[in-house]
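Structure, as C-alpha cells:
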Amino acid sequence: MTPSNIQYDRDAYKSSVKKIKDSAENITEPKRDATSLILINKTSQVLPYVDLSQLVNKATRMLLNPIFTKKTKKMSNLEQLTHGLIELQWSQKDNLAEVVHLSVSDVTQDMERSMFGAAKWMMCSERIRNYQDSLKIRILQAIWYTWGRLERIATTAKLRLEKKCEEKHFVFSPMFALNLDEMSFDASCWTTLPFEEMQYFYVPRELFYEDAVLEMMEVKPNDVETTFIICSICFHLTGKRFGGEIQEKMDHLQDVLSNDLHEYYLKNKNSMYLRRLKQLMRIKENFLKLRSARMDKYEIGGFFNSFNPRISNPEFFEVLS
Numbered sequence: 001m002t003p004s005n006i007q008y009d010r011d012a013y014k015s016s017v018k019k020i021k022d023s024a025e026n027i028t029e030p031k032r033d034a035t036s037l038i039l040i041n042k043t044s045q046v047l048p049y050v051d052l053s054q055l056v057n058k059a060t061r062m063l064l065n066p067i068f069t070k071k072t073k074k075m076s077n078l079e080q081l082t083h084g085l086i087e088l089q090w091s092q093k094d095n096l097a098e099v100v101h102l103s104v105s106d107v108t109q110d111m112e113r114s115m116f117g118a119a120k121w122m123m124c125s126e127r128i129r130n131y132q133d134s135l136k137i138r139i140l141q142a143i144w145y146t147w148g149r150l151e152r153i154a155t156t157a158k159l160r161l162e163k164k165c166e167e168k169h170f171v172f173s174p175m176f177a178l179n180l181d182e183m184s185f186d187a188s189c190w191t192t193l194p195f196e197e198m199q200y201f202y203v204p205r206e207l208f209y210e211d212a213v214l215e216m217m218e219v220k221p222n223d224v225e226t227t228f229i230i231c232s233i234c235f236h237l238t239g240k241r242f243g244g245e246i247q248e249k250m251d252h253l254q255d256v257l258s259n260d261l262h263e264y265y266l267k268n269k270n271s272m273y274l275r276r277l278k279q280l281m282r283i284k285e286n287f288l289k290l291r292s293a294r295m296d297k298y299e300i301g302g303f304f305n306s307f308n309p310r311i312s313n314p315e316f317f318e319v320l321s
C-alpha cells in the first residue's frame, strides 16, 4: 500500500445487482497494479474502511464481458470448466518461497486472485454464460472466496505429492508457500484485537483446511475430478445461500455436471466408477463439515464482537471462511 492508495472520509459503499452491473459497464479501466484495487482508509481510532468497489467492478466486468482465446464449444460443460481451471493454474511456480507471516497486502492479493479467477472460470462454461447477468453476479457473490480456497487446497495437495513443498506448507499463492507451523498474519483490517488474542479463530490447519488437503492427497483426483468437486461444493453453497429459483437452477446445473462426469468415465472406459464417485463426494461432504465448523467459530466471534470490519460491497463478503 502507498499513500495514494488510501481514501479518507468515505461513506459506506452500498450496491445492488443493478448498481454493480451499471458501474461495471461504465467505469474506465484504471491504470493500476492489482493490489491498488483494494483501498484502505486507516485511522488511529477505529478499524480502517476497506473499499473493495473497484475490485468488485473489475470482477463483474470480467463476468459480463468474458474474453476467450480458445474454442471449447465441443466440450462438455465439465470439460470446459476443467480447461479453464488448468489455464488459470499455468502461473503456478514449482520453486516456492516460504513465508511465515501474511501481510495485509498478501491477503488482499489473495482476495483479488480468487475473485478474478472465479469470474474467469465461471465464464468457461457455456451454460453459465447463457444465464441472466443478475444470476451470474449472484453466483460470483456466493462462490468466489470458497472457489479460491478450493483451488489452493487442490494445488497444495498436488505439489505436496510431487515433493515440491513440505507437509507443513500451504501453497497460498503461485509464488510462495505458507509455513503452517509458524504462521501469523496481520488482521488489523478485520479486528481491533491482536493476533495473539485471536488464535482461537486463526488455527492455521483449520484456516487452510489441512484435513481436506490430506484427503485430496489420499484420493488423488485428476483435473476433471478436481473440477467436479469444486463445482459440486460451489454450486451447492450458491443454492443454499439464495434458495428458491436460484437453488433450482444450481441443482439442475449440478445434474448436468454429474452427467458430464458419467460420460467422461465411460469415454475413458471406467464404467465401474461408483466407488470413485463416493470418494469424490466424501471430499465434498468433509469440506462442508470443516467449513461449517469455521462458521460456528465466526458466530462466536460475532457474538463477542471480535470481528467488526468496515467493508464495502457486503453482498460479496458475507462469508470469508
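Under the UniProt record's numbering, residues 1 to 321 are what the sequence shown spells out, in order.
Idealized CB from N, CA, C, for every residue including glycine.
Which whole-angstrom value describes the C-beta separation of residue i and residue j, a residue pair presumed to lie in contact below a C-beta threshold of 8 Å?
i	j	result
residue 233	residue 172	Actually they do not touch by this definition, with Cβ atoms about 20 Å apart.
residue 120	residue 174	The pair is not a contact, with the Cβ atoms about 15 Å apart (cut-off 8 Å).
residue 50	residue 314	Not really, about 11 Å apart at Cβ, beyond 8 Å.
residue 143	residue 238	6 Å
residue 150	residue 230	5 Å
residue 294	residue 218	So it is not a contact: roughly 22 Å between Cβ atoms.
Let me know if residue i comes out buried or exposed under the rule of 16 or more other beta-carbons within 10 Å of its beta-carbon.
i	result
residue 77	buried
residue 170	buried
residue 312	buried
residue 236	buried
residue 31	Note that residue 31 scores 37 on pLDDT, short of 50, meaning its location in the model is unreliable; the coordinates nonetheless yield the value given after this. Counting Cβ neighbours within 10 Å, residue 31 comes out exposed, since fewer than 16 surround it.
residue 114	buried
residue 260	buried
residue 29	With a pLDDT of 35 at residue 29, under the threshold of 50, the predicted position of this residue should be treated as unreliable, though the coordinate-derived value follows. Its Cβ having fewer than 16 others within 10 Å, residue 29 is exposed.
residue 16	Here residue 16 scores only 41 on pLDDT, less than 50, and its place in the model should not be relied on; the value that follows carries that caveat. Label assigned to residue 16: exposed.
residue 199	exposed
residue 47	buried
residue 3	Confidence in residue 3 is poor, its pLDDT being 29 and thus under 50, which makes the residue's placement too unreliable to answer from.
residue 197	exposed
residue 316	buried
residue 322	Here the chain covers residues 1 to 321 and nothing more, so residue 322 does not appear.
residue 158	buried
residue 21	Residue placement at residue 21 cannot be trusted, given a pLDDT of 49 that sits under 50; what the coordinates show is reported in the next sentence. Buried, by the Cβ-count rule.
residue 67	exposed
residue 79	buried
residue 318	exposed
residue 271	exposed
residue 184	exposed
residue 283	buried
residue 112	buried
residue 249	buried
residue 55	buried
Taking the continuous alpha helix (DSSP H) assigned at residue i, which residues delimit it?
i	result
residue 266	244-267
residue 213	210-219
residue 206	204-207
Which stretch, first to last residue, makes up the beta strand (DSSP E) that contains residue i?
i	result
residue 178	176-179
residue 49	49-51
From the options, pick the residue whose C-alpha is nearest to that of residue i; which is it?
i	options	result
residue 154	210, 62 and 267	210
residue 281	216, 243 and 141	216
residue 107	265, 178, 118 and 278	178
residue 166	151, 222 and 99	99
residue 118	141, 96 and 101	141
residue 228	55, 276 and 73	276
residue 182	204, 192 and 195	204
residue 64	267, 247 and 123	123
residue 191	60, 252 and 104	104
residue 97	73, 87, 176 and 148	176
residue 127	72, 278, 55 and 180	72
residue 102	81, 53 and 180	180
residue 130	284, 258 and 253	253
residue 147	116, 168, 134 and 83	116
residue 301	201, 62 and 59	201
residue 225	187, 83, 52 and 62	83
Is residue i near the ligand ADP, judged by its Cβ being under 6 Å from some heavy atom?
i	result
residue 100	Among the components of this structure there are no ligands whatsoever, and the ligand ADP is therefore not found.
Counting contacts by CB-CB distance shorter than 7 Å, is residue i in contact with chain C?
i	result
residue 57	The structure shown contains no chain C, having only a single protein chain.
Give the list of continuous beta strand (DSSP E) stretches no shorter than 3 residues that lie fully inside the region 63-145.
Runs of the beta strand (DSSP E) lying entirely within the region 63-145, each at least 3 residues long, are 97-99 in chain order.
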